[in-house]
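Residue numbers (this note's numbering): 1481 to 1856.
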């Protein structure tokens, strides 16, 4: 089978790119189409294949400023031509990848991480008061109707939609009027399950890990821990770094910046718990933490409800510092009943092999090689 893989952009290596890596392993001879590609930003399995980019690739400085060109993304993906004799187009989309035009007669399956979140229900998380400058908010408001219309209409060229969670399947139904089957994204369990379950949490700190994007709500954790006399370690960086790190913070809040992947298992294992503050589409980090045998304190909406159980974590009900701080205080009593083996068992339900088997089943159903799953 000759497959064309499509991904929004290849600039950083995060959750979406880890899904792409698993797809590249499943289809090792697939070609790859993307808006922009910063060479060397991805692991060899992605880099070592034919990669075709859009006209955006030729804009000076695009790799660091690509977010400023969001209104051009629909035109860029539609102009990106898939050339060759393919049996399948498989897009991995959280923005516009699903909008690529498949060659006539070639079926298109789209694995959707989210509808264009910054133009739908999370618009204020990105462009609300205090989030960005007034001219940027005004420009976003101006293009929002167009991008919402395009986001919905571009699904007409997709033959089968697969969501990464029930949460996202609900958004696809609400925003696009389409049904989707569900395949949870893969978690690289091997490197996290190799650490021993015994002795976890000895570092005494709570851990926040992720990109400093507006909807991740690191600000909730920082404000909560201003009122708590317990260590918070923060791993990551991103577009909100200057805003979140510019003011004075108490000494028990520590920023570690980006850390090597090899260091993550130990960071998770030595933490008392992972803090998960966003309403996430799915969320890989809670499963990574659970794979090392550590619990999660998560905002009780979105994908976390599908990955964290009452045995493996606590939920806070409002996305506010006060609600998170209350959950951290409650954690002291809850922690006595936590069993690391329950957390690891929960994570093992989301391994890479299971993801690849489920995606292959979706492809087979689309191509008529097996019975379609219900509701599609």
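Each residue gets a CB set at the ideal place from its N, CA and C atoms; glycine is no exception. None of the values given here were measured: they were computed from a predicted structure.
How far does the beta strand (DSSP E) with residue i in it reach, from first residue to last?
i            : result
residue 1734 : 1733-1737
residue 1570 : 1568-1573
residue 1675 : Looking at the DSSP string, residue 1675 is not in any beta strand (DSSP E), and its letter there is neither H nor E.
residue 1483 : 1483-1487
residue 1512 : 1511-1514
residue 1533 : 1531-1533
Report the partner residues of residue i according to the DSSP bridge assignment.
i            : result
residue 1686 : 1712 and 1753
residue 1635 : Paired residue(s): none; residue 1635 is not in a bridge.
residue 1647 : Per DSSP, none; premise fails for residue 1647.
residue 1793 : 1776
residue 1667 : 1831
residue 1490 : 1517
residue 1640 : 1589
residue 1661 : 1642
Would you mind working out which of the options sits nearest residue i, comparing C-alpha positions?
i            : options                   : result
residue 1428 : 1596, 1653 and 1674       : Residue numbering for the chain in the displayed model covers 1481 to 1856; residue 1428 lies beyond these limits and cannot be assessed.
residue 1799 : 1509, 1700 and 1493       : 1700
residue 1506 : 1521, 1520, 1490 and 1485 : 1485
residue 1693 : 1718, 1670 and 1647       : 1718
residue 1783 : 1645, 1578 and 1792       : 1645
residue 1636 : 1657, 1647, 1596 and 1564 : 1657
residue 1603 : 1627, 1587, 1589 and 1593 : 1627
residue 1687 : 1696, 1715, 1704 and 1663 : 1715
residue 1585 : 1562, 1601, 1577 and 1695 : 1562
residue 1557 : 1634, 1839, 1510 and 1730 : 1634
residue 1590 : 1625, 1523, 1641 and 1815 : 1641
residue 1752 : 1707, 1725 and 1813       : 1813
residue 1423 : 1848, 1838, 1847 and 1849 : Residue 1423 is absent from the structure shown; the chain starts at 1481 and stops at 1856.
residue 1535 : 1846, 1559, 1548 and 1519 : 1559
residue 1493 : 1520, 1511 and 1792       : 1520
residue 1654 : 1533, 1525, 1601 and 1789 : 1601
residue 1755 : 1725, 1803 and 1722       : 1803
residue 1664 : 1509, 1511 and 1836       : 1836
residue 1502 : 1523, 1625 and 1643       : 1523
residue 1735 : 1638, 1554 and 1689       : 1689
residue 1846 : 1832, 1599, 1638 and 1759 : 1638
residue 1791 : 1580, 1823 and 1709       : 1823
residue 1737 : 1745, 1817 and 1725       : 1725
residue 1599 : 1623, 1793 and 1582       : 1623
residue 1632 : 1733, 1574, 1826 and 1840 : 1574
residue 1671 : 1797, 1504 and 1746       : 1746
residue 1739 : 1807, 1713 and 1678       : 1713
residue 1706 : 1684, 1659 and 1733       : 1733
residue 1786 : 1760, 1544 and 1630       : 1760
Tell me the residue span of the alpha helix (DSSP H) that contains residue i.
i            : result
residue 1543 : 1542-1545
residue 1505 : 1495-1506
residue 1699 : 1698-1706
residue 1726 : Note, residue 1726: premise wrong, no alpha helix (DSSP H); not H, not E.
residue 1808 : 1801-1814
residue 1768 : 1765-1771
residue 1787 : 1784-1787
residue 1524 : 1524-1527
Assuming residue i and residue j are in contact, meaning their beta carbons sit under 8 Å apart, how far apart are those beta carbons, in whole angstroms?
i            : j            : result
residue 1669 : residue 1842 : Incorrect: roughly 21 Å between the Cβ atoms, too far for contact.
residue 1820 : residue 1773 : 3 Å
residue 1483 : residue 1621 : Between residue 1621 and residue 1483 the Cβ distance is about 39 Å, and since that is not below 8 Å, they are no contact.
residue 1516 : residue 1491 : 7 Å
residue 1778 : residue 1795 : 6 Å
residue 1757 : residue 1697 : 4 Å
residue 1588 : residue 1571 : 7 Å
residue 1648 : residue 1592 : 6 Å
residue 1695 : residue 1606 : 7 Å
Unbroken stretches of the beta strand (DSSP E), 3 residues or longer, contained in the region 1554-1624: 1568-1573 and 1588-1592
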